[in-house]
Amino acid sequence: MNKFEAIESGIAEKDKEKLKEAMGNICYTDRSFSTNEFEEQLKHIKESGVDIIDDALDGELVSSGKAEFTDDDFANAVFELKYNFCRERIEDVKRIGRALYKPAPKPVASVRKEPTQTVGTSPNSESHRGTVNKAAVTAAAVAVIAAVVIIVLLIK
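Using the numbering used here, the first residue of the sequence shown is number 9, and each one after it goes up by one.
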C-alpha cells in the first residue's frame, strides 16, 4: 500500500473533510479501481480510528437511469463523493470508472521489452496528446461544476 501525505495528515489531524478530499483524489489515480488502492486507503483510515463514511445517500447517484457514461459523469460522481462519502456514492464512482477506463496493466517481472523507435518519429509524439487533452477536459469539468455549486450556494 502506498502512503499518501494527505491521508496521513488527515488521520493525524482527524480531519474528515481532508480525508474525503484525498480519497476523492485517489479515484483519479486509479480510475478503473483495478489496483485496490482506494479500498486499501479506506481500510487504513478506518483502522486508524477515523470513520469518514456518511450514513446515508444525500441526493441522486450520477449513474441513476444511465447505461452509458462520459468523463464528465466520472468527474461529477467523484465531486459528489467528496461531499457525501457514503457507500452508495463509492459504488457509483466505481461503476462509472470501471465502465469507462481500462484496468492498469500489471507489471511483468520476468520479461522486459526494450522500447523501439521508428527512424524519424518522436517516441512521445502521440502518447501524450490524448492524455493531456483528457486531463484538461477533466480539470475544466471539475472547475465548471465547482463554479456552478458556488453560484447556487450564493443564490440561496
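By construction, the Cβ of each residue, glycine as well, lies at the ideal position given by its N, Cα and C atoms.
Query, Result
"Rounded straight-line distance, which links the Cα of A148 to that of K51", "31 Å"
"For F77 and A107, the rounded distance between their alpha carbons", "7 Å"
"Supposed close pair I61, R95 - CB separation, criterion 8 Å", "7 Å"
"R103 versus I153, A75, F87 and F93, residue with shortest Cα-Cα distance", "A75"
"Touching by the beta-carbon criterion (3+ pairs, under 8 Å), the segment 76–90 and the segment 29–42", "yes"
"Range covered by the alpha helix (DSSP H) that runs through D79", "D79 to Y91"
"4-residue-minimum alpha helix (DSSP H) runs that sit fully inside the segment 15–50, ordered along the chain", "24–37"
"Beta-carbon spacing of D79, T146 below 8 Å", "yes"
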